[in-house]
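One structure is given below, encoded as structure tokens.
There are 2 protein chains.
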Amino acid sequence: MARTASDLDPAVAARLKRNADGLVPAIAQQYDTGEVLMLGWMDDEALHRTLTTGRCTYWSRSRGAYWVKGDTSGHHQHVKSVSLDCDGDTLLVKVDQVGAACHTGDRTCFDADPLPVSGGQ
Amino acid sequence: MARTASDLDPAVAARLKRNADGLVPAIAQQYDTGEVLMLGWMDDEALHRTLTTGRCTYWSRSRGAYWVKGDTSGHHQHVKSVSLDCDGDTLLVKVDQVGAACHTGDRTCFDADPLPVSGGQ
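Residue numbers (our numbering), protein chains in the order written: chain A, 110 to 230; chain B, 110 to 230.
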């Protein structure tokens, strides 16, 4: 379970609208190209560490632990900026991604082949 | 509660890894500028409607109803592509956003002033 006790700035914590597990989704975007790399999850402490260390830190839901992106792979995400959305339930983290964001070795976690869209466009 | 019965292509449905409410987060990104506009939630049927109508359709967790973005405001999201991520639990939807994505009238839902980052960069 995600922890809620944290050194996160209380003014920021007051704006966060967490899910039932105490988490908010964090979209990681390459700061200069605009490429969306992945989506991870942060609790207050993961956000605090991200803001104060300058390296993206997520809460791993599968492992139940904090996870500094790149500590195993070397593929760190150097934080450029972190923005909350209008209702405080999503974070947009602009980063400089070293190497691949995806564990498969691909640059991003999103399929290169999109799903077929039959309407509109 | 989100519905799970849907006409969504079974091959796509088989890849979706939904949360306990049957939903996956969907990141809406302006297709040409790369700007991240907002994050919404889709169940199978919302994704099916998004793919077949070419207009982003979300599940509103607060209202408990499907919601075609723009049907009230005129600020539709015309779908260019929809991609699943490597573990099937996030969607990246590239759109052409008419007007403002945010209900505040701002172009995106994310704060123009990011949170202070004290480490790294």
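By construction, the Cβ of each residue, glycine as well, lies at the ideal position given by its N, Cα and C atoms.
- The C-alpha of residue 198 (chain A) is placed about 11 angstroms away from the C-alpha of residue 136 (chain A).
- For residue 166 (chain A), no Cβ of chain B is located within less than 8 angstroms of the residue's own Cβ.
- Rounded to the nearest angstrom, the gap between the Cα atoms of residue 158 (chain A) and residue 118 (chain B) is 41 angstroms.
- DSSP places residue 202 (chain B) in the strand class (E or B) of the three-state scheme.
- Within chain A, the residues placing a beta-carbon under 7 angstroms from that of residue 138 (chain B) are 145, ordered along the chain.
- Around the CB of residue 194 (chain B), 16 or more other CB atoms lie within 10 Å, so the residue is classed as buried.
- Distance between residue 187 (chain A) and residue 149 (chain B), taken at the CA atoms: about 26 angstroms.
- For residue 175 (chain A), the closest C-alpha among the options A:214, A:143, A:132 is that of A:132.
- In the assembly as shown, residue 192 (chain B) is a buried residue. Its beta-carbon has 16 or more other beta-carbons within 10 Å.
- Chain A places a beta carbon closer than 8 angstroms to that of residue 228 (chain B), counting this residue as a contact.
- Every unbroken stretch of the alpha helix (DSSP H) spanning 4 or more residues and falling wholly within the segment 116 to 190 of chain A is given here in chain order: 119 to 122, 153 to 162.
- CA-to-CA, the gap between residue 162 (chain A) and residue 209 (chain B) works out to about 33 angstroms.
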